[in-house]
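J.: The structure that follows is given in the form of structure tokens.
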Amino acid sequence: MKMRNVLDPFQAIADPSRRQILMMLAKDKQSINSLAGNFEMSRPAVSKHVRVLYEAGLIQIKDQGRERLCELHEDGFDEIKNWLIFFDQFWKGKLQNLEQLLNQRANKNEND
Amino acid sequence: MQRDLVIKWFFPHPAEKVWECLTTPELISQWLMKNDFKPIVGHKFQFHTRPIPKMGFDGIVYCEVLEIIPDKKLVYTWQGGPKPGVIRLDTVLTWTLTPGAEGTTLLLEHTGFKGLQNYLTSIFLERGWKKNVARRFTKILESR
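Which chain is which? The protein sequence lines are A and B, in order. Take 1 as the starting number for the first sequence in the numbering used here and just add one per residue. Take 113 as the starting number for the second sequence in the numbering used here and just add one per residue.
Following this line, the structure appears as structure tokens:
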């Protein structure tokens, strides 16, 4: 089994064809050949997209007989998920600070 | 596809007061982070905070002011990474203020996580992966 994470996952998912590949792999693991059957583009072009997803750590590739099977790699999505979850909490906390600051300043003006 | 994190917040205060807190460096540092913001389109500034090595973030947010409509709208870039010169997080913050009779509604949009919500959500739902994370994730997306 091969797995790497050298490419920015955000960049990897920015491309619509690659998102489509991920969606297909979400249903079931597939060989590069069977993936290519779903696209108008050439097999080498599909293979290139697969490579990018693999280098971003979003999929795994296993050799099975003569076929190369692609499969989603769950941990690869963690960076994206983590940032979204992180910022959701982060901003809610900061907006609470802002609310406090606004209240303080309004009270201060009243007392002036 | 670009709208990723959207948070709405209501303040029982006039829009000008909220705007003041969004655009005055001393005030920004009181509720958000230390900064050298200036309300000038094209101005480049930074926020400084604690690094989060686990997430490949060195504690410096690099920003550039993109748009200013006084008391209404403020847009700036929000970039960060593990070390100077390496940007992993390339996003945009949009603050929109809507005045009302009782106060101001602030809409915060943190975008540019490059269009992942729809298909990622369905991936999680379809696979039933890490149920907890999927739920939290979906919740974030639904709060848009």
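Glycine is no exception: its CB is placed at the ideal position from the N, C-alpha and C atoms.
Can you check whether the C-beta of residue 130 of chain B is within less than 8 angstroms of a C-beta belonging to chain A?
T.: As a position in the second sequence, residue 130 of chain B is number 18, starting the count at 1. It does: the Cβ of residue 130 of chain B has a partner Cβ on chain A nearer than 8 angstroms.
J.: My guess is that residue 188 of chain B and residue 177 of chain B are in contact by the Cβ rule of under 8 angstroms, so how many angstroms apart are they, rounded?
T.: Against the second sequence, residue 188 of chain B aligns to sequence position 76. Against the second sequence, residue 177 of chain B aligns to sequence position 65. Going by Cβ atoms, the distance from residue 188 of chain B to residue 177 of chain B rounds to 5 angstroms, so yes, they are a contact pair.
J.: Taking 8 angstroms as the threshold (C-beta atoms), are residue 219 of chain B and residue 131 of chain B in contact?
T.: Indexing the second sequence from 1 puts residue 131 of chain B at position 19. Indexing the second sequence from 1 puts residue 219 of chain B at position 107. No.
J.: Give every residue of the same chain whose Cβ lies closer than 8 angstroms to the Cβ of residue 30 of chain A, excluding the five residues on either side of it in the sequence, and list them in chain order.
T.: Here residue 30 of chain A is taken as the residue at index 30 of the first sequence, counted from 1. Excluding residues within five positions, the ones whose Cβ falls inside 8 angstroms are 24, 69 and 70.
J.: Could you tell me which residues DSSP puts in a beta bridge with residue 164 of chain B?
T.: For this step, residue 164 of chain B is matched to residue 52 along the second sequence. Paired residues: B:169.
J.: When the Cβ atoms of the region 49-64 of chain A are set against those of the region 8-28 of chain A, are three or more pairs found closer than 8 angstroms?
T.: Segments in contact, yes.
J.: In angstroms, rounded to a whole number, what distance separates the CA positions of residue 22 of chain A and residue 72 of chain A?
T.: The residue labelled residue 22 of chain A in the question sits at position 22 within the first sequence. The residue labelled residue 72 of chain A in the question sits at position 72 within the first sequence. Their Cα atoms are separated by approximately 7 angstroms.
J.: Using 8 angstroms as the limit for Cβ to Cβ distance, is residue 108 of chain A near chain B?
T.: Your numbering for residue 108 of chain A matches position 108 in the first sequence. Among the residues facing chain B, residue 108 of chain A is not included, as its CB has no counterpart in that chain under 8 angstroms away.
J.: Determine the burial state of residue 221 of chain B: buried for a count of at least 16 other Cβ atoms within 10 Å of its Cβ, exposed for fewer.
T.: Within the second sequence, residue 221 of chain B is the residue found at index 109, counting from 1. Looking at its Cβ environment, which holds 16 or more other Cβ atoms inside 10 Å, residue 221 of chain B is buried.
J.: What's the gap between the Cα of residue 169 of chain B and the Cα of residue 111 of chain A?
T.: Counted from its first residue, the second sequence places residue 169 of chain B at position 57. Counted from its first residue, the first sequence places residue 111 of chain A at position 111. When rounded, the distance between both Cα atoms is 42 angstroms.
J.: Strictly under 8 angstroms for the Cβ-Cβ distance: is residue 82 of chain A near chain B by that measure?
T.: Stepping through the first sequence from its first residue, residue 82 of chain A is reached at position 82. Output row for residue 82 of chain A: interface = yes.
J.: Which residues in chain A sit within 8 angstroms of residue 220 of chain B, going by Cβ to Cβ distance?
T.: Locating residue 220 of chain B in the second sequence gives position 108, where the first residue counts as 1. Simply 91 and 95.
J.: Could you check whether residue 92 of chain A and residue 140 of chain B sit closer than 8 angstroms to each other, using their CB atoms as the reference points?
T.: The residue labelled residue 140 of chain B in the question sits at position 28 within the second sequence. The residue labelled residue 92 of chain A in the question sits at position 92 within the first sequence. No, Cβ-Cβ distance for residue 140 of chain B and residue 92 of chain A is not below 8 angstroms.
J.: At least one CB of chain B closer than 8 angstroms to the CB of residue 99 of chain A: is that the case?
T.: Here residue 99 of chain A refers to the residue found at position 99 when the first sequence is read from its first residue. For residue 99 of chain A, the answer is yes, since a Cβ of chain B falls inside 8 angstroms of its Cβ.
J.: Can you have a look at residue 127 of chain B and say buried or exposed, based on whether 16 or more other CB atoms are within 10 angstroms of its CB?
T.: Looking up residue 127 of chain B in the second sequence gives position 15. Its Cβ being crowded by 16 or more others within 10 Å, residue 127 of chain B is buried.
J.: Could you tell me the distance, in whole angstroms, from the CA atom of residue 165 of chain B to the CA atom of residue 194 of chain B?
T.: The count along the second sequence starts at 1 and reaches residue 165 of chain B at position 53. The count along the second sequence starts at 1 and reaches residue 194 of chain B at position 82. Per the coordinates, the alpha-carbon of residue 165 of chain B lies some 7 angstroms from the alpha-carbon of residue 194 of chain B.
J.: So, with DSSP's three-state summary, where would you put residue 211 of chain B?
T.: Here the question's residue 211 of chain B lines up with position 99 in the second sequence. The answer is strand: DSSP assigns residue 211 of chain B an E or B state.
J.: Residue 181 of chain B: which of B:171, B:200, B:207 and B:137 sits nearest, CA to CA?
T.: Counted from its first residue, the second sequence places residue 181 of chain B at position 69. Residue 181 of chain B has its Cα closest to that of B:207, out of B:171, B:200, B:207 and B:137.
J.: Please check if any C-beta of chain A sits within less than 8 angstroms of the C-beta of residue 201 of chain B.
T.: Position 89 of the second sequence, counted from the start, is the residue given in the question as residue 201 of chain B. Chain A contact via Cβ: present.
J.: Interface residues of chain B around residue 39 of chain A at Cβ under 8 angstroms?
T.: If you number the first sequence from 1, residue 39 of chain A lands on position 39. Within 8 angstroms Cβ-Cβ: nothing; residue 39 of chain A doesn't reach chain B, min ~16 angstroms.
J.: What whole-angstrom Cβ distance do residue 58 of chain A and residue 76 of chain A have, given they're in contact under 8 angstroms?
T.: Walking along the first sequence from the start, residue 58 of chain A turns up at place 58. Walking along the first sequence from the start, residue 76 of chain A turns up at place 76. About 4 angstroms separates the two Cβ atoms, so the contact holds.
J.: Can you list the beta strand (DSSP E) stretches of 3 or more residues lying completely in the region 28-111 of chain A, in chain order?
T.: 59-64 and 67-72
J.: At the 8 angstroms Cβ level, is residue 178 of chain B part of the contact set with chain A, yes or no?
T.: Start at 1 with the first residue of the second sequence, and residue 178 of chain B comes out as number 66. Chain A contact via Cβ: absent.
J.: Return helix, strand or coil for residue 152 of chain B, following the three-state DSSP convention.
T.: By one-based count along the second sequence, residue 152 of chain B stands at place 40. Residue 152 of chain B falls in the coil class under three-state DSSP.
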